[in-house]
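Student: Handing you this structure, nothing more for now.
2 protein chains.
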Amino acid sequence: MQKQHSLSKNQQIILDLIVKSSEPLKAYSILFNVQKKGINAPLQVYRALDKLVEIGKIHKIESRNAFIACQNSSCQISKATAFSICESCENVSEISNSKLSKYLANFADEAGMKYNKYNLEFFGLCKKCK
Amino acid sequence: MQKQHSLSKNQQIILDLIVKSSEPLKAYSILFNVQKKGINAPLQVYRALDKLVEIGKIHKIESRNAFIACQNSSCQISKATAFSICESCENVSEISNSKLSKYLANFADEAGMKYNKYNLEFFGLCKKCK
DNA sequence: TAACAGTATGTAATAATATAACATTTATGA
DNA sequence: TCATAAATGTTATATTATTACATACTGTTA
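Residue numbers (the working numbering), protein chains in the order written: chain A, 3 to 132; chain B, 3 to 132.
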């Protein structure tokens, strides 16, 4: 059994906010929302975000500069992420598909690179918007 | 046969710079490098970059906020991109693999989303660095 | 418990990335 | 040649992220 991270105060505040959000949150939007809880500066937010990404509690959506809670097994470091992004409503959902992840992990191995992680983002229209 | 885009002056200057670069270039680094050619403002750079991305001449490496020339058939709009990024030397190379692209296109279809494009970034150590 | 190491915090300043708004010019095609 | 779309030039500003430095908390172990 892997050691559970006990989160610090700022980390927990920011994780709670992201978990309860229905959409990816941007750093300065997070900052605005946690100012009433005593987090005043961008750096406080970015430090917590960095840590939460590192331990796999949240993911960064690179094409949007925004953060969402991990929707898979929540305790693992995330080296393999895939998302589906609606270009109309900006809904983002995490794809959890073992065939896909195996395929990609295997692909990276064959390519001769020592692979640490990957990130895949699909863009299109979600079921509602198409 | 698809109509060839004839690039404007600024677009051509910036594409030339990116093509001859051995590494991904960032917008403000591009700006610095083209100031001697009369491009003075960030917006001039971003507009050219937007257009070049749109017509598939270059790609944005989202995790790095940097741009590289397309290394595949250079005239096509790019809806399906995959890159291998070395976390040590920051070398980036475009992956061109028809099995991979077919697999991913097919995956997106099955997921029930109307898919427009995807972007995949692998991170690890390249052959030199591992 | 004291000392230490590692992690987290607080604060100010600033760097780096990107866009809005508006006026003007150039290219393309009917 | 007229209309339209695309590109340009310029200023200002918005958004995203980091550097630097001082301080405090947490867990381990001597």
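C-beta atoms are modelled at their ideal positions from N, C-alpha and C, and glycine is treated no differently.
#1: Cutting at 7 Å between CB atoms, please list the residues of its own chain near F119 (chain B), excluding the five before and the five after it.
#2: For a contact defined as C-beta to C-beta under 7 Å, what are the partners of N118 (chain A) on chain B?
#3: Where does A68 (chain A) land, buried or exposed, given buried means 16+ other C-beta within 10 angstroms?
#4: When DSSP builds the beta bridges, which residues end up paired with G126 (chain A)?
#5: Could you please tell me which residues of the region 46–72 of chain B, in chain order, have their CB closer than 8 Å to any CB of chain A?
#6: Buried or exposed, going by whether 16 or more other CB atoms sit within 10 Å of the CB of E64 (chain A)?
#7: How many angstroms separate the CA atom of N143 (chain A) from the CA atom of K38 (chain B)?
#8: Anything in chain A within Cβ reach of L27 (chain B), meaning under 9 Å, just list it in chain order.
#9: Is the beta carbon of A71 (chain B) sitting closer than 7 Å to the one on I60 (chain B)?
#10: Which residues mark the beginning and the end of the alpha helix (DSSP H) in which I63 (chain B) is found?
#11: Mind checking whether S95 (chain B) and L127 (chain B) have CB atoms under 7 Å apart?
#12: Give me the chain A residues within the contact set of G114 (chain B), using Cβ-Cβ distance strictly less than 8 Å, ordered along the chain.
#13: Could you round the C-beta distance between V47 (chain A) and A29 (chain A) to whole angstroms and report it? I think they count as a contact, below 8 Å.
#14: Hey, how far is the Cα of K130 (chain A) from the Cα of D111 (chain B)?
#15: With a Cβ-Cβ cutoff of 7 Å, do N35 (chain A) and L9 (chain A) count as a contact?
#16: Between E123 (chain A) and F85 (chain A), how many whole angstroms is the CB-CB distance? I'm expecting something under 8 Å.
#17: Applying a beta-carbon distance threshold of less than 8 Å, which residues of chain B neighbour K132 (chain A)?
#18: Could you check where the alpha helix (DSSP H) with S100 (chain B) kicks off and where it finishes?
#19: So is L27 (chain A) buried or exposed if we call it buried at 16+ other beta carbons inside 10 Å?
#20: If you drop the 5 nearest sequence neighbours on each side, which residues of the same chain put their C-beta closer than 8 Å to that of L51 (chain A)?
#21: Residue range of the alpha helix (DSSP H) that S31 (chain B) falls in?
#22: Tell me, please, whether the CB atom of A82 (chain B) is closer than 7 Å to any CB atom in chain A?
#23: Which chain B residues are close to Y105 (chain A), counting only those with a beta carbon under 8 Å from its beta carbon?
#24: For K5 (chain B), which three-state DSSP category applies?
#25: Whole angstroms is fine: what's the gap from A43 (chain A)'s alpha carbon to Q14 (chain A)'s?
#26: Rounded to whole angstroms, what is the Cα-Cα separation between S98 (chain A) and I97 (chain B)?
#27: Could you spell out where the beta strand (DSSP E) holding I97 (chain B) opens and where it closes?
Tutor: Reading off the structure:
#1: Here residue 119 (chain B) is taken as the residue at index 117 of the second sequence, counted from 1. The residue you asked about is not Phe; residue 119 (chain B) is Lys in the sequence shown. Within the same chain, and ignoring the five residues on either side of K119 (chain B) in sequence, the residues whose Cβ sits closer than 7 Å to its Cβ are K81, A82.
#2: Mapped onto the first sequence, residue 118 (chain A) falls at position 116. Result: E89, F125, G126.
#3: Within the first sequence, the letter at position 66 stands for residue 68 (chain A). With 16 or more other Cβ atoms within 10 Å, it is buried.
#4: Within the first sequence, numbered from 1, the residue matching residue 126 (chain A) stands at position 124. G126 (chain A) is bridged by DSSP to A:C88, B:Y117.
#5: Answer in chain order: E64, S65.
#6: Counting from one through the first sequence, the residue named residue 64 (chain A) turns up at place 62. The residue is buried, with at least 16 neighbouring Cβ atoms inside 10 Å.
#7: Because chain A in this structure spans residues 3 to 132, residue 143 (chain A) falls outside the shown range and cannot be described.
#8: For the purposes of this step, residue 27 (chain B) is identified with residue 25 of the second sequence, where counting begins at 1. Per Cβ cutoff of 9 Å: no residues; L27 (chain B) is ~18 Å from chain A at best.
#9: The residue given as residue 71 (chain B) occupies position 69 in the second sequence. The residue given as residue 60 (chain B) occupies position 58 in the second sequence. If you check the CB distance, A71 (chain B) and I60 (chain B) come in under 7 Å.
#10: Here residue 63 (chain B) is taken as the residue at index 61 of the second sequence, counted from 1. Boundaries for I63 (chain B): no alpha helix (DSSP H) harbours it, while the beta strand (DSSP E) harbouring it runs 60–63, taken from the DSSP string.
#11: In the second sequence, residue 95 (chain B) corresponds to position 93, counting from 1. In the second sequence, residue 127 (chain B) corresponds to position 125, counting from 1. Cβ atoms of S95 (chain B) and L127 (chain B): not closer than 7 Å.
#12: Looking up residue 114 (chain B) in the second sequence gives position 112. Under the 8 Å cutoff, chain A gives K129.
#13: Taking the first residue of the first sequence as position 1, residue 47 (chain A) is located at position 45. Taking the first residue of the first sequence as position 1, residue 29 (chain A) is located at position 27. By a beta-carbon distance limit of 8 Å, V47 (chain A) contacts A29 (chain A). Their separation comes to about 5 Å.
#14: Reading the first sequence from its first residue, position 128 is the one you call residue 130 (chain A). Reading the second sequence from its first residue, position 109 is the one you call residue 111 (chain B). One C-alpha to the other measures close to 15 Å.
#15: On the first sequence, position 33 is the one that residue 35 (chain A) refers to. On the first sequence, position 7 is the one that residue 9 (chain A) refers to. Their beta carbons are not under 7 Å apart, which means N35 (chain A) does not touch L9 (chain A) by this criterion.
#16: By one-based count along the first sequence, residue 123 (chain A) stands at place 121. By one-based count along the first sequence, residue 85 (chain A) stands at place 83. Between E123 (chain A) and F85 (chain A) the beta-carbon gap is near 5 Å, inside 8 Å, which marks them as a contact.
#17: Sequence index remark: in the first sequence, residue 132 (chain A) carries index 130 (1-based). Within 8 Å Cβ-Cβ: M115, K116.
#18: Position 98 of the second sequence, counting from 1, holds the residue named residue 100 (chain B). 100–112 is the span of the alpha helix (DSSP H), which, as asked, contains S100 (chain B).
#19: For this step, residue 27 (chain A) is matched to residue 25 along the first sequence. Buried, by the Cβ-count rule.
#20: Within the first sequence, the letter at position 49 stands for residue 51 (chain A). Non-local beta-carbon contacts of L51 (chain A) in its own chain, meaning distances under 8 Å to residues more than five positions away in sequence, involve I16, A29, I32, I60, K62, F69 in chain order.
#21: For the purposes of this step, residue 31 (chain B) is taken as the residue at position 29 of the second sequence. For S31 (chain B), the enclosing alpha helix (DSSP H) starts and ends at 29–36.
#22: For the purposes of this step, residue 82 (chain B) is identified with residue 80 of the second sequence, where counting begins at 1. Chain A contact via Cβ: absent.
#23: Taking the first residue of the first sequence as position 1, residue 105 (chain A) is located at position 103. Listed by position along chain B, the residues whose Cβ is nearer than 8 Å to that of Y105 (chain A) are Y105.
#24: Start at 1 with the first residue of the second sequence, and residue 5 (chain B) comes out as number 3. The predicted position of K5 (chain B) is uncertain, since its pLDDT is 43 and thus under 50; a value taken from the coordinates is nonetheless stated next. Note: K5 (chain B) maps to coil in three-state DSSP.
#25: Residue mapping note: residue 43 (chain A) aligns to position 41 of the first sequence, counting from 1. Residue mapping note: residue 14 (chain A) aligns to position 12 of the first sequence, counting from 1. Here the alpha carbons of Q14 (chain A) and A43 (chain A) stand approximately 16 Å from one another.
#26: Within the first sequence, residue 98 (chain A) is the residue found at index 96, counting from 1. Within the second sequence, residue 97 (chain B) is the residue found at index 95, counting from 1. Answer to the nearest angstrom: the Cα atoms are 23 Å apart.
#27: Here residue 97 (chain B) refers to the residue found at position 95 when the second sequence is read from its first residue. Where I97 (chain B) is concerned, there is no enclosing beta strand (DSSP E), because DSSP gives it neither an H nor an E.
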